[in-house]
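Enquirer: I am attaching a structure below and will ask some questions about it afterwards.
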Amino acid sequence: MKKIVMTGGGSAGHVTPNLALIPELQAQGWSIEYIGSEKGVERAMIESAHIPYHAIRSGKLRRYFSWQNVRDPLRVLRGIWQSYALLRRIKPEVVFSKGGFVALPVVIGAWLARIPIVAHESDFSVGLANRLSFPFVNTICVTFPAARDKFKNPAKVVVTGTPIRESLLQGDRAKGLQFCGFQADKPCLLVIGGGAGAQAINLCVRQALPLLLPTMQIIHICGPGKTEPSLGQQAGYFQLEYAHAELADLFAASDWVVSRAGANALYELLVLAKPHILIPLPQRQSRGDQIENAHYFEQLGASHVITEEHLNPENLAQAIQTVQGKREKIFAAIAALDIQPAVPPIVKILEAFDVKT
550 MKKIVMTGGG SAGHVTPNLA LIPELQAQGW SIEYIGSEKG VERAMIESAH IPYHAIRSGK
610 LRRYFSWQNV RDPLRVLRGI WQSYALLRRI KPEVVFSKGG FVALPVVIGA WLARIPIVAH
670 ESDFSVGLAN RLSFPFVNTI CVTFPAARDK FKNPAKVVVT GTPIRESLLQ GDRAKGLQFC
730 GFQADKPCLL VIGGGAGAQA INLCVRQALP LLLPTMQIIH ICGPGKTEPS LGQQAGYFQL
790 EYAHAELADL FAASDWVVSR AGANALYELL VLAKPHILIP LPQRQSRGDQ IENAHYFEQL
850 GASHVITEEH LNPENLAQAI QTVQGKREKI FAAIAALDIQ PAVPPIVKIL EAFDVKT
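Counting from 1 along the sequence shown, just add 549 to a position and that's the residue number in the numbering used here.
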């Protein structure tokens with residue numbers, strides 16, 4: 550049986566595209582194993598998909614000073630050795646990397662073992678792990694055509710889009726409303742603060758409830774440990790820490806979405822053609838990738854953006870009204886993007902490295 554090793558972690562955004570690829574890879578006869586960090590979010594996500602998981606040590610790739618930066622190169626070296634040993638034992642036809650700090654030692658380990666490597670970059674701006682990995686990979690897939698120019702060797706770059714879970718396209722509005730105990734004749738706002746939950750968004754939404762609830766119902770995915778017990782019985786407001794199998798139904802139930810601007814979340818909104826408001830992670834907390842993602846689609850008319858610095862209950866309520874007023878223009882802008890499924894082209898690229906076919 551042909552084998553593939555996948556890697557990527559540190560945040561859910563480095564894992565969900567891998568999860569989207571897994572069903573099609575399995576359907577094509579691939580045996581899949583995963584290399585990730587010991588305590589990263591990817592471990593639970595991958596193990597819940599019943600994929601064999603191998604944990605390695607890896608240093609975090611920081612852009613700021615920390616005394617841990619002194620020790621992290623040693624952790625990366627250890628991770629490279631662990632990855633090399635694992636890959637020599639597993640003997641996959643190809644390694645697929647979704648980036649994140651844990652991916653770099655796996656990529657270098659694969660290169661040392663002379664195993665082909667395909668990577669994927671979701672954002673316009675290239676993540677540090679993918680920048681460092683680029684010399685070692687055979688092919689890198691990107692979500693947006695504009696990202697091709699960010700690499701020194703465009704011949705290695707293929708525009709594929711970002712894989713999204715097929716299940717998200719099969720949501721049932723009635724089931725989503727029933728899950729929340731909501732009415733069918735009142736519009737619904739879905740708020741997603743990212744995998745860990747965004748405190749600024751959570752606080753603003755709760756402060757805005759008196760402005761919003763008279764005209765809409767709100768589904769609020771708050772993040773682990775970030776629900777507000779005092780609002781548990783608030784009519785028209787349903788909060789949960791994290792959405793699992795029900796996420797597709799919650800998307801189907803929603804008329805608008807408020808979200809961070811990570812490339813994976815944004816791509817899902819575009820594929821689902823959901824009018825949305827993006828609140829990108831501020832520059833001080835990131836490399837600016839979410840800001841770049843958000844403003845690109847704002848310029849195309851597909852997204853409405855509020856910077857976190859300007860986020861308050863009044864601006865949020867006004868933004869929802871604005872998005873509602875230009876729904877048809879937003880739908881037209883999203884349709885003009887002509888977004889195609891990303892799973893088939895990526896699987897085709899991976900199949901090319903199966904030497905037995």
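Every residue gets a Cβ at the ideal spot worked out from N, C-alpha and C, and that includes glycine.
Could you tell me the boundaries of the beta strand (DSSP E) in which T556 lies?
Expert: By 1-based counting over the sequence shown, the position of residue 556 is 7. Taken as a continuous stretch (DSSP letters only), the beta strand (DSSP E) holding T556 covers 552-556.
Enquirer: How big is the Cα-Cα spacing for E642 and R663?
Expert: Within the sequence shown, the letter at position 93 stands for residue 642. Within the sequence shown, the letter at position 114 stands for residue 663. Rounded to the nearest angstrom, the two C-alpha atoms are 10 Å apart.
Enquirer: Could you check whether the stretch 624-637 touches the stretch 645-656, counting it as contact only if at least three pairs of C-beta atoms, one from each stretch, sit closer than 8 Å?
Expert: Yes, the stretch 624-637 touches the stretch 645-656.
Enquirer: Quick check on this structure: which residue in P778, T709, R755, R809 has the alpha carbon closest to the alpha carbon of I741?
Expert: Along the sequence shown, one-based indexing puts residue 741 at 192. Of the candidates P778, T709, R755, R809, the one whose C-alpha sits nearest the C-alpha of I741 is R809.
Enquirer: For my contact list, H563 and E582 are in at a C-beta cut-off of 8 Å; report their separation, rounded to the angstrom.
Expert: Position 14 of the sequence shown, counted from the start, is the residue given in the question as residue 563. Position 33 of the sequence shown, counted from the start, is the residue given in the question as residue 582. With a Cβ gap of about 17 Å, H563 and E582 do not count as contacting.
Enquirer: Rounded to a whole number of angstroms, what is the C-alpha to C-alpha distance between M555 and T692?
Expert: To locate residue 555, count along the sequence shown from 1; it is residue 6. To locate residue 692, count along the sequence shown from 1; it is residue 143. Rounded to whole angstroms, M555 to T692 spans 18 Å at the Cα level.
Enquirer: Classify L815: buried if its beta carbon has 16 or more other beta carbons within 10 angstroms, exposed otherwise.
Expert: To locate residue 815, count along the sequence shown from 1; it is residue 266. Burial call: buried.
Enquirer: Between K875, I869, S607, D838, which lies nearest to C737 when the distance is taken from Cα to Cα?
Expert: Here residue 737 refers to the residue found at position 188 when the sequence shown is read from its first residue. That would be I869, whose Cα lies nearest to the Cα of C737.
Enquirer: Going by alpha carbons, who is nearest to R638 out of L623, P829, A659, V625?
Expert: As a first step, residue 638 must be located in the sequence shown, where it is residue number 89. R638 has its Cα closest to that of A659, out of L623, P829, A659, V625.
Enquirer: So L849 is in the beta strand (DSSP E); what residue range does that whole segment cover?
Expert: Within the sequence shown, the letter at position 300 stands for residue 849. Neither: L849 is in no beta strand (DSSP E) and is coded neither H nor E.
Enquirer: CA-CA distance, R592 and S586?
Expert: By 1-based counting over the sequence shown, the position of residue 592 is 43. By 1-based counting over the sequence shown, the position of residue 586 is 37. About 7 Å.
Enquirer: Going along the chain, which residues of its own chain have a beta-carbon closer than 7 Å to the beta-carbon of S716, five neighbours each way excluded?
Expert: In the sequence shown, counting from the first residue as 1, residue 716 sits at position 167. Cβ neighbours of S716 beyond the five flanking positions: A797.
Enquirer: Taking just the CA atoms, how far does A901 sit from L818?
Expert: Your numbering for residue 818 matches position 269 in the sequence shown. Your numbering for residue 901 matches position 352 in the sequence shown. When rounded, the distance between both Cα atoms is 30 Å.
Enquirer: Measure the C-alpha to C-alpha separation of H841 and N813 and round it to an integer number of angstroms.
Expert: By one-based count along the sequence shown, residue 841 stands at place 292. By one-based count along the sequence shown, residue 813 stands at place 264. One detail in the question is off: residue 841 reads as Glu in this sequence, not His. Whole-angstrom Cα-Cα distance: 14 Å.
Enquirer: Spell out a yes or no on whether the stretch 680-698 and the stretch 706-713 are touching, meaning 3 or more CB-CB pairs, one atom from each, closer than 8 Å.
Expert: They touch, by the three-pair rule.
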